[in-house]
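Peer 1:
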C-alpha cells in the first residue's frame, strides 16, 4: 500500500540526510551520580533509580559550547546530504535547554547559518515543546515548505549542553550532551514525512522548567543553578504520568489517521531513551511489541533531549534495524508539556 | 509564490496591553544615571514608557492582550488550534526550557492548541511567527485559528539601550493577534524574511545563560546590549527594500499600490530611516505611539497597525506594508490587504 504525505499539504517532503554529533569525552554513570549527589532511595516498590536506569555512560561537552555542538552536527548532515550550504532555504533550531545566550532574545540559528555559509536561508529557532520540539518544529517547517515554491531545502538542528552539575534529572533520566541535524528536501522520495502531529497541555507548563537568572539564589554555592532543570515531581507523578500514555496514544493515532496507516503497519518506533522502566511502560501501556521499539541508545548515552529522535533514527538505520520501505513512528513527550508523533516511510 | 492558490488567511482581531503606570524619559534616564544631549533626545523621540508595577509580569499583560483580541474576534479558547509566541525579551522562566505560550494556553483554556515560539529575530519575530502561522493554517485543513502574541518587559535598570550611545528606550507591553482562515479583512498577502547570521550577536544579552558562567561580573552581563558599530554597518535599508520589492512582486503589486507603512517604534531616527526606504514620512500616528510607549519590540507593529486600522484614513482594500529590520539579524516585510 502506498501512503501519501497528508500532513505536508500533499507535498512530498523527505529527509535527505540526518546526523548527530557527540562530544568525545565520556563520563560513567556512577561518576554522574556521585558528582551530582543523586539520591539512593528507591523510587517505588523495588525500583532503584541508580541500579535500574539502564544508562551506563553519557558524553560531556566540556569546553565545547552548545552552539558548536549544533554546528558540528549540521556540518555532518550537510556532508551526508552532499549539498552546498548555499542551497539551504530555511534553518530552524529546536534546542530545548539553556543555550549559549538568553532566548528568545538570541538563537543559535544565526551562528549555524553563519558557520555553514548558508547565506540565503531564513534562520530562526523554535523555543517550545521540550523534547517534543522536534515534532512541532518539523510540522511548522513542513507547512512552510509546502506553502512556498522558494523553500525547498530546510535544515533543522539542536545542540544541548547540560549546565554544570545538571546531567541527572532525578527521578526521570540522565542527560547526555550532543547535537543533531536533519535536512529536509521537497520532492525527495526517501524517508518521506507522511504525518506530523503535536499537542500541548499548558496546565503542566511549570512542572519542569529552569528558573532563569532573575530567580537565582545568590547564596547558592552552585554558580549555575538557575539554569538547572527544576521539577515539581509530586505534580509530575500526579498530573503528568496519568495523562502521559493517553497523550502518546492521541498524537500517534492522529498521525496514523492523517497518514492512512494502521498501528499494525508500523514497523519501528523511535522513542526517547529516558530509562529502562519508561521504555517498558511505553510498550506495555500501549501494547507495542518491545522488539519494535529501538532502545539500543539507552545504555551508551542516555537521554539527549529532542536529539533522541534523530540520533536513534540514524543509529537504527545504520545498524540495519530499519530498512527501505519500513514505516517508522518517531514519538516523544517533552517539558511544557508536549507530545509529538511523526510517521516516516523509509 | 505558492504552488497552489493558497487559502486566504487574515487578522480577525488585534489587541495591545500596556502597564497602568508609566515613567517619563527624564525619570528613566535618572533611574539609570544616563545623561542625554539635546540631539540624542531628538534622535530617540521618546517621551515616556510603560513600566510594569511590582508583581505585574509580561504574562499578565499577554493574557490581557490575548483575552481582548479573542473577545474582539468572537473566538473561544477551545477554538484556537495554534499559539505562537513572538516575544523578544526574557520571560518569567528560562526559555526554551519554559515558554509563556504554554501558560497562556492553560489560562485561555485553549486545550486543542499546540504551541510554537521563535527566538533570535528581534522585532522581526513577528514576521517569523506570522509566516509560520499562515503556512500552518494553509497546510492543515483541520486548523482554522491561530493566536499570536508577544509580551516584553525590560530587565530592571535596562531600559536605555545603550547608555553611552542610546539606540532606544524600552517600554513594557504585550500584544496579540487572532489569525484565521475565516478573516475577511487584513488578509496576509505574503511575508518575506531575510536573516544574516553574521549579526546574530549585534543585539543580545551576554550573560544569564551558558556562556560567561565563570565571569564574576555576570550580573552586569545580564543586560540587553546593542553593538552600535556593527549595527551601523548592517545593510538595514537595502534589506528592507529588497524584501519589500520581493513581497510586492510575489503579490503581483506595485510600490504605488501600498497606501500605508508600519514600522517599529525604535526611535525617531530609525522610523525616519525605515520610512525613507519607501520615500514616505513617518506618520503622526506612529510618532505619537513611539513618543508615548517607547520601543516595545514586536508589539510596536501591532500597536501601529491598530492605530492605523482604527483611523478613517485606512479604507477597505488598502494595501499595508509592515516592515522591521530586527536589528540586523532578521528583517521582515509583511503585506496585508485591509
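Chains as they are written, first to last, in the numbering used here: chain A, 1050 to 1395; chain B, 837 to 1174. Backbone N, C-alpha and C define an ideal beta-carbon position, used for all residues, glycine too.
(1) Starting from residue 1096 of chain B, trace the beta strand (DSSP E) both ways and give me its first and last residue.
(2) Using a Cβ cut-off of 7 Å (strictly closer), state whether residue 1114 of chain B contacts chain A.
(3) Where does residue 1396 of chain A fall in DSSP's three states?
(4) Would you say the segment 1213-1232 of chain A touches the segment 1319-1328 of chain A, given that touching needs at least three Cβ pairs under 8 Å?
(5) Please report the residue range of the beta strand (DSSP E) in which residue 1125 of chain B lies.
(6) What are the residues in the segment 1087-1105 of chain B lying within 7 Å of chain A by C-beta distance?
(7) With DSSP as the reference, please indicate the residues paired to residue 1378 of chain A in a beta bridge.
(8) Roughly how many angstroms lie between the CA atoms of residue 979 of chain B and residue 893 of chain B, to the nearest whole one?
(9) Just how far apart, CA to CA, sit residue 1120 of chain B and residue 1205 of chain A?
(10) Quick test of your reading: residue 1094 of chain A and residue 1134 of chain A, contact by CB under 8 Å. State the CB separation rounded to the nearest angstrom.
(11) May I ask you to list, following chain order, the residues of the segment 1264-1278 of chain A that have a beta carbon less than 8 Å from some beta carbon of chain B?
(12) Output the boundary residues of the alpha helix (DSSP H) element that contains residue 1196 of chain A.
(13) Starting from the C-beta of residue 1164 of chain A, find all residues in its chain whose C-beta is less than 6 Å away, skip the five residues before and the five after it, and write them out in chain order.
(14) Spell out a yes or no on whether the segment 1072-1079 of chain A and the segment 1132-1148 of chain A are touching, meaning 3 or more CB-CB pairs, one atom from each, closer than 8 Å.
(15) According to a CB-to-CB cut-off of less than 9 Å, which residues of the segment 1231-1252 of chain A neighbour chain B?
(16) Would you report the Cα separation of residue 1378 of chain A and residue 1073 of chain B, rounded to the nearest angstrom?
(17) Using DSSP's beta-bridge definition, name the partner residues of residue 1201 of chain A.
(18) Using the beta-carbon of each residue, which ones in chain A are nearer than 7 Å to residue 1029 of chain B?
(19) If you draw a straight line from the C-alpha of residue 1113 of chain B to the C-alpha of residue 1076 of chain B, how long is it?
(20) How long is the line joining the alpha carbons of residue 1243 of chain A and residue 1393 of chain A, rounded to whole angstroms?
(21) Round the Cβ separation of residue 902 of chain B and residue 940 of chain B to the nearest angstrom and send it over; I've been treating them as touching at under 8 Å.
(22) Suppose the cutoff is 8 Å on Cβ atoms and the five residues either side in sequence are ignored; what does the same chain contact list for residue 857 of chain B look like?
(23) Who are the near neighbours of residue 1067 of chain B in its chain, counting only those whose CB is closer than 7 Å to its CB and skipping five residues on each side?
(24) Quick one: Cα of residue 1014 of chain B to Cα of residue 1051 of chain B, how far?
(25) Does residue 895 of chain B come within less than 7 Å of chain A when only Cβ atoms are used?
(26) Could you check the C-alpha separation between residue 1061 of chain A and residue 1089 of chain A for me, to the nearest Å?
(27) Assuming residue 1365 of chain A contacts residue 968 of chain B under a Cβ cut-off of 8 Å, what Cβ separation, rounded to an integer in Å, is found between them?
(28) Looking at the C-beta of residue 1062 of chain B, does it have a partner C-beta in chain A at a distance below 7 Å?
(29) Give the DSSP bridge partners of residue 1024 of chain B, in chain order.
(30) Short of 7 Å in beta carbon distance, which residues of its chain neighbour residue 899 of chain B, apart from the five on each side in sequence? Order them along the chain.
(31) Quick check on the burial criterion: 16 or more other C-beta atoms within 10 angstroms. Buried or exposed for residue 1143 of chain A?
(32) So what does DSSP say about residue 1301 of chain A, is it helix, strand or coil?
(33) Could you tell me which residues DSSP puts in a beta bridge with residue 1108 of chain A?
(34) Examine chain B for any beta-carbon lying closer than 7 Å to the beta-carbon of residue 1160 of chain A, and answer yes or no.
(35) Quick check: the segment 1122-1129 of chain A against the segment 1226-1238 of chain A, are at least 3 beta-carbon pairs closer than 8 Å?
(36) Would you tell me roughly how many angstroms separate the C-alpha atoms of residue 1421 of chain A and residue 1355 of chain A, rounded to the nearest one?
Peer 2: Reading it off the structure:
(1) 1094-1098
(2) no
(3) Because chain A spans 1050 through 1395 in this model, residue 1396 of chain A falls outside it and cannot be assessed.
(4) yes
(5) Here residue 1125 of chain B belongs to no beta strand (DSSP E); instead the alpha helix (DSSP H) covers 1120-1129.
(6) none
(7) A/1318, A/1392
(8) 30 Å
(9) 42 Å
(10) Not confirmed; about 52 Å, so no contact.
(11) 1264, 1272, 1273, 1275, 1276, 1278
(12) 1182-1196
(13) 1120
(14) no
(15) 1246, 1247, 1248, 1249, 1250, 1251, 1252
(16) 46 Å
(17) Its beta-bridge partners do not exist; DSSP assigns none.
(18) 1171
(19) 7 Å
(20) 6 Å
(21) 6 Å
(22) 886, 887, 888, 889
(23) 1038, 1163, 1164
(24) 43 Å
(25) no
(26) 50 Å
(27) So it is not a contact: roughly 30 Å between Cβ atoms.
(28) no
(29) B/1172
(30) 940, 943
(31) buried
(32) helix
(33) A/1075
(34) yes
(35) yes
(36) A query on residue 1421 of chain A cannot be resolved here, the shown segment of chain A reaching from 1050 to 1395 and no further.
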